[in-house]
Ligand SMILES: NC(=O)c1ccc[n+]([C@@H]2O[C@H](COP(=O)([O-])OP(=O)(O)OC[C@H]3O[C@@H](n4cnc5c(N)ncnc54)[C@H](O)[C@@H]3O)[C@@H](O)[C@H]2O)c1
């Protein structure tokens, strides 16, 4: 492919004006300089397969709430792309340890479990320090630890309301801050993926879940705030906001709510956990290198109607 090179020439070098080219100059025109245009060969395009941009070879990821459900499914997606090591941070030891065994045996990745409560800032800082000591660094942080409860607003005890905000919103901040400090100190940037929810933008019906909805709206705006603050360090922050997904978090509501949730979703079904893995991989990898501050809703169309 040819490229155009533009160069200023002294007037003496100007050839007799031609009336047949678009660059013709009137003969009486007095000029000091004129623009000469020539075509030169463009450098051969760098061969870059788009799939290579999704590779995570050599990277280390931390996943909170990765012992099961959406966190585990997204952990699998990252491991399949060549991640070198993964840390699962969760409250549930048995599930967390077996998740690590499974990831190691299926993908050959180094996988370590760290038990903690995301509300406990000292435990979180200790765990992030331990990850850097044990696995070398933190390139990717995915924040999937979360809880939901359905309570009428007029009956919500402040303690119960506070618990949801504390785990979902404050816990996300505590983990992002602890990992962010390591990313900033290392100077290599990173990718932080928050798990919001469509409930951060809409109010679910028919169930009442004011604390959950408020917590997820907070998570999405926290993500946007950190994306603006930390772009200077090469740290990208984005969120995935799922609609109704088929995970243990929702099993208790199967009889009562699934039919209505499906009816209100244009695709007529709940999402499967692995249907978030492609987006998590995109956000974790260089394939999304210009994406920060974005909330990506994956909800089978729920929020469009
Ligand atoms: N399932 C859905 O329909 C849905 C929809 C939108 C958003 N989400 C969000 O996705 C995330 C994952 O949900 P899921 O469906 O996989 O739930 P899940 O209950 O299957 O998994 C959540 C994990 O977080 C862990 N966890 C909970 N509280 C914790 C704490 N205080 N400290 C450490 N770990 C803790 C749990 O042990 C569990 O392993 C949550 O943030 C949830 O709000 C879920």
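Numbering (the numbering used here), first residue to last: 110 to 414.
Glycine included, every Cβ here is placed at the ideal spot set by N, Cα and C.
Bear in mind that the values here come from a model prediction, so they are computed numbers and not experimental data.
(request) Just confirm the distance between the C-beta atoms of residue 292 and residue 299, as a whole number of angstroms; I'd bet it's less than 8 Å. (result) The residue you call residue 292 lines up with position 183 of the chain shown. The residue you call residue 299 lines up with position 190 of the chain shown. Contact annotation, residue 292 with residue 299: C-beta distance approximately 4 Å; criterion of less than 8 Å satisfied.
(request) With DSSP as the reference, label residue 163 as helix, strand or coil. (result) In the chain shown, counting from the first residue as 1, residue 163 sits at position 54. Here residue 163 sits in helix by DSSP.
(request) Kindly identify the DSSP beta-bridge partner or partners of residue 303. (result) As a working mapping, residue 303 is identified with position 194 in the chain shown. Per DSSP, 252 and 348.
(message) Could you check whether residue 320 and residue 226 sit closer than 9 Å to each other, using their CB atoms as the reference points?
(response) For the purposes of this step, residue 226 is identified with residue 117 of the chain shown, where counting begins at 1. For the purposes of this step, residue 320 is identified with residue 211 of the chain shown, where counting begins at 1. At a Cβ-Cβ threshold of 9 Å, residue 226 and residue 320 do not count as neighbours.
(request) May I have the straight-line CA-CA distance separating residue 199 from residue 173, to the nearest angstrom? (result) Counted from its first residue, the chain shown places residue 199 at position 90. Counted from its first residue, the chain shown places residue 173 at position 64. Going by the C-alpha atoms only, they are around 6 Å apart.
(message) Can you look up residue 224 in the DSSP assignment and give me helix, strand or coil?
(response) Position 115 of the chain shown, counted from the first residue, corresponds to residue 224. Under the three-state reduction of DSSP output, residue 224 falls in the strand class.
(request) With DSSP as the reference, label residue 219 as helix, strand or coil. (result) For the purposes of this step, residue 219 is taken as residue 110 along the chain shown, with counting starting at 1. Residue 219: strand per DSSP, three-state reduction.
(message) Comparing C-alpha positions only, which one of 339, 318 and 255 sits nearest to residue 262?
(response) Indexing the chain shown from 1 puts residue 262 at position 153. Nearest to residue 262 by alpha-carbon distance, out of 339, 318 and 255, is 318.
(request) Can you grab the Cα-Cα spacing for the pair residue 367 / residue 374, in whole Å? (result) What you label residue 367 is simply residue 258 of the chain shown in a count that begins at 1. What you label residue 374 is simply residue 265 of the chain shown in a count that begins at 1. The alpha-carbon atoms of residue 367 and residue 374 are separated by roughly 11 Å.
(message) Quick check: does the Cβ of residue 342 come within less than 8 Å of any heavy atom belonging to ligand 1?
(response) One-based indexing of the chain shown puts residue 342 at position 233. No - ligand 1 has no heavy atom lying nearer than 8 Å to the Cβ of residue 342.
(request) List the endpoints of the continuous alpha helix (DSSP H) containing residue 238. (result) Taking the first residue of the chain shown as 1, we reach residue 238 at position 129. Per DSSP, residue 238 is one residue of the alpha helix (DSSP H) stretching across 230-244.
(message) Give me the residue from 286, 304 and 277 with the minimum Cα distance to residue 386.
(response) Here residue 386 corresponds to residue number 277 of the chain shown, with the count starting at 1. For residue 386, the closest C-alpha among the options 286, 304 and 277 is that of 304.
(request) May I have a chain-ordered list of the alpha helix (DSSP H) segments no shorter than 4 residues that lie completely inside the segment 255-306? (result) If only uninterrupted alpha helix (DSSP H) runs of at least 4 residues are considered, those enclosed by the segment 255-306 are 267-274 and 280-295.
(message) Would the segment 230-237 count as touching the segment 181-188 if we require 3 or more Cβ pairs under 8 Å?
(response) No, the segment 230-237 does not touch the segment 181-188.
(message) Please identify the residue among 244, 315 and 260 whose C-alpha is closest to the C-alpha of residue 168.
(response) On the chain shown, position 59 is the one that residue 168 refers to. For the residues 244, 315 and 260, the minimum Cα distance to residue 168 belongs to 244.
(message) Just verifying my parser: in three-state terms, what is the DSSP assignment at residue 94?
(response) Nothing about residue 94 can be reported from this structure: the residues present for the chain run from 110 to 414 only.
(request) Check residue 173 in the structure and name its three-state DSSP category. (result) Here the question's residue 173 lines up with position 64 in the chain shown. The answer is strand: DSSP assigns residue 173 an E or B state.
(request) Go to residue 329, then tell me how far its alpha helix (DSSP H) extends in each direction, as first and last residue. (result) Taking the first residue of the chain shown as 1, we reach residue 329 at position 220. Where residue 329 is concerned, the enclosing alpha helix (DSSP H) starts and stops at 319-339.
(message) For residue 315, which residues in the same chain have their Cβ closer than 7 Å to its Cβ, ignoring the five residues on either side in sequence?
(response) What you label residue 315 is simply residue 206 of the chain shown in a count that begins at 1. Same-chain partners within the cutoff: 369.
(message) Can you list, in chain order, the residues of its chain with a C-beta nearer than 6 Å to that of residue 170? Leave out the 5 residues immediately preceding and following it.
(response) Along the chain shown, one-based indexing puts residue 170 at 61. 187, 192, 195 and 249, listed in sequence order.
(message) Could you check if residue 332 belongs to the surroundings of ligand 1, using beta carbon to heavy atom distance under 8 Å?
(response) As a working mapping, residue 332 is identified with position 223 in the chain shown. Checking the Cβ of residue 332 against ligand 1 gives no.
(request) Could you spell out where the alpha helix (DSSP H) holding residue 367 opens and where it closes? (result) For the purposes of this step, residue 367 is taken as the residue at position 258 of the chain shown. Segment 363-372, the alpha helix (DSSP H) holding residue 367.
(message) Any contact between the segment 274-291 and the segment 207-216? By contact I mean 3 or more CB pairs, one from each, below 8 Å.
(response) Under the Cβ criterion (8 Å, minimum of three pairs), the segment 274-291 does not count as touching the segment 207-216.
(request) Could you check what DSSP says for residue 143 in three-state terms: helix, strand or coil? (result) Start at 1 with the first residue of the chain shown, and residue 143 comes out as number 34. The predicted position of residue 143 is uncertain, since its pLDDT is 36 and thus under 50; a value taken from the coordinates is nonetheless stated next. Looking at residue 143 - three-state DSSP - the assignment turns out to be strand.
(message) For residue 178 and residue 388, what's the separation of their Cα atoms in angstroms?
(response) Numbered from its first residue, the chain shown carries residue 178 at position 69. Numbered from its first residue, the chain shown carries residue 388 at position 279. The straight-line gap from Cα to Cα measures roughly 16 Å.
(message) For residue 130, which residues in the same chain have their Cβ closer than 7 Å to its Cβ, ignoring the five residues on either side in sequence?
(response) Locating residue 130 in the chain shown gives position 21, counting from the first residue. For residue 130, the pLDDT reaches just 31, beneath the cut-off of 50, and the residue's location in the model is therefore unreliable, leaving the point undetermined.
(request) Use the C-beta contact count for residue 334: other C-beta atoms within 10 angstroms, 16 or more gives buried, fewer gives exposed. (result) Locating residue 334 in the chain shown gives position 225, counting from the first residue. That one is exposed.
(request) Tell me whether the beta-carbon of residue 240 lies closer than 9 Å to the beta-carbon of residue 324. (result) Your numbering for residue 240 matches position 131 in the chain shown. Your numbering for residue 324 matches position 215 in the chain shown. Their beta carbons are not under 9 Å apart, which means residue 240 does not touch residue 324 by this criterion.
(message) Measuring straight from C-alpha to C-alpha, what distance separates residue 256 and residue 356?
(response) Residue mapping note: residue 256 aligns to position 147 of the chain shown, counting from 1. Residue mapping note: residue 356 aligns to position 247 of the chain shown, counting from 1. Distance from the CA atom of residue 256 to the CA atom of residue 356, rounded to whole angstroms, is 12 Å.
(message) Just verifying my parser: in three-state terms, what is the DSSP assignment at residue 408?
(response) Position 299 of the chain shown holds residue 408. In the three-state reduction of the DSSP assignment, residue 408 falls in the coil class.
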